[in-house]
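What follows is a single structure, written as structure tokens, with notes after it.
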Amino acid sequence: ACLWGTTIPKNLVKGMFEAVENIKKNNKVRSVIFCSLVPGVFCAGADLKERAKMHQSEVGPFVSKARAVITELGNLPVPTIAAIDGVALGGGLEIALACDIRIASNTAKMGLVEAKLAIMPGAGGTQRLPRVIGISLAKELIFASRVVDGTEACRLGLVNHSVEQNNSGDAAYLRALELAREINPKGPIAIRMAKLAINQGIEVDLSTGLAIEEACYAQVIPTKDRLEGLAAFKEKRSPHYKGE
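The numbering of the sequence shown is the working numbering, which starts it at -15 and goes up by one.
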């Protein structure tokens, strides 16, 4: 699991790059949960005090770096789960949108609120939110800088699951752990290839997407894990996949 902080200052962007790179290099990682150690806050977006001190010429390059690291997060080959137990605003929600799956507590608050500050989402929000919930709904939420709770977010399709918050304030994280434990025993190469096929295929026409699926499927045929899956089925036991 990678732990997120309250806002997105410069040092956190750098730390995020390093964490993503480490995950990419570690073939033993089966899934990643993004969460926060700060009660009530997943990530509240940009550090506005730091932003106010920036020269106008610094803002564009900083946002570009934030966009780049969130793009790298989205390109991680393993399943990623955002556990939203509190506030996820602006760049914080953009981080969650780059994850494959989002789980929120019913009391969590989410929104792309940049227009309140006379700016716009700049780290992928204008592109990922419409892909997740549809164009018209995304426009409404972005234009109005609307903040929704976990229950409403689930209704809109912004999150996969909304769970009732507990006294510890980590209900979404605990549900994310359950999901990760459901995913992790499955064939890791198969999961990586399925994610690649979905991510690339959704951006192209169906015929091209089917070709992408075929190419990804070809990668799982020669694996030891595929043979282990068949053997486990025949022997009526749980498979033991090694990612080979």
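Even glycine gets a Cβ: it sits at the ideal position worked out from N, Cα and C. Please read these numbers as outputs of a predicted model, since none were measured by experiment.
(request) Let me know if Pro45 comes out buried or exposed under the rule of 16 or more other beta-carbons within 10 Å of its beta-carbon. (result) Against the sequence shown, residue 45 aligns to sequence position 61. By the Cβ neighbour-count rule, Pro45 is exposed, with fewer than 16 other Cβ atoms within 10 Å of its own.
(message) Quick check on Met177: buried or exposed, where buried means 16 or more other Cβ atoms within 10 Å of its Cβ?
(response) Position 193 of the sequence shown holds residue 177. Met177 should be labelled buried.
(request) Give the C-beta separation of Ala28 and Leu73 to the nearest angstrom, bearing in mind that I take them to be a contact with Cβ-Cβ under 8 angstroms. (result) Taking the sequence shown and counting its residues from 1, the one referred to as residue 28 is at position 44. Taking the sequence shown and counting its residues from 1, the one referred to as residue 73 is at position 89. Their Cβ separation, rounded to whole angstroms, is 5 angstroms, which keeps Ala28 and Leu73 in contact under 8 angstroms.
(request) Consult DSSP for Leu142 and reduce its assignment to one of helix, strand or coil. (result) Here residue 142 refers to the residue found at position 158 of the sequence shown. DSSP, read as helix, strand or coil, puts Leu142 in coil.
(request) Measure the CB-CB distance between Leu81 and Arg112 and report whether it falls below 8 angstroms. (result) Walking along the sequence shown from the start, residue 81 turns up at place 97. Walking along the sequence shown from the start, residue 112 turns up at place 128. Result yes, Cβ atoms of Leu81 and Arg112 sit closer than 8 angstroms.
(request) Please work out which residues of its chain come closer than 8 angstroms, Cβ to Cβ, to Val62, disregarding the five sequence neighbours upstream and downstream, and give them in chain order. (result) The residue given as residue 62 occupies position 78 in the sequence shown. Once the five neighbours on either side are set aside, the close Cβ partners of Val62 are Ile7, Val13, Arg14, Ser15, Val16, Pro172, Ile175, Arg176 and Lys179.
(request) Could you check what DSSP says for Arg176 in three-state terms: helix, strand or coil? (result) Position 192 of the sequence shown, counting from 1, holds the residue named residue 176. Correct three-state label for Arg176: helix.
(request) Please determine, among Thr135, Ile119 and Ile85, the residue with the shortest C-alpha to C-alpha distance to Glu162. (result) Position 178 of the sequence shown, counting from 1, holds the residue named residue 162. Of the listed residues, the one whose Cα sits closest to Glu162 is Ile85.
(request) Kindly list the residues whose CB is nearer than 8 angstroms to the CB of Lys100, restricted to its own chain and excluding five residues on each side of it in sequence; keep chain order. (result) In the sequence shown, the residue the question calls residue 100 occupies position 116. Around Lys100: Ser129.
(request) Could you spell out the range, first to last residue, of the beta strand (DSSP E) harbouring Ile126? (result) Residue 126 sits at position 142 when you count from the first residue of the sequence shown. Segment Ile119 to Phe127 is the alpha helix (DSSP H) holding Ile126; no beta strand (DSSP E) there.
(request) Name the residue from Ser41, Glu124, Ile103 and Ala88 whose alpha carbon lies nearest to the alpha carbon of Ala155. (result) As a working mapping, residue 155 is identified with position 171 in the sequence shown. For Ala155, the nearest C-alpha among the options comes from Ala88.
(request) Please go through the segment 59 to 123 and give each complete alpha helix (DSSP H) segment of 4 or more residues, from N-terminal end onward. (result) 75 to 81 and 109 to 117
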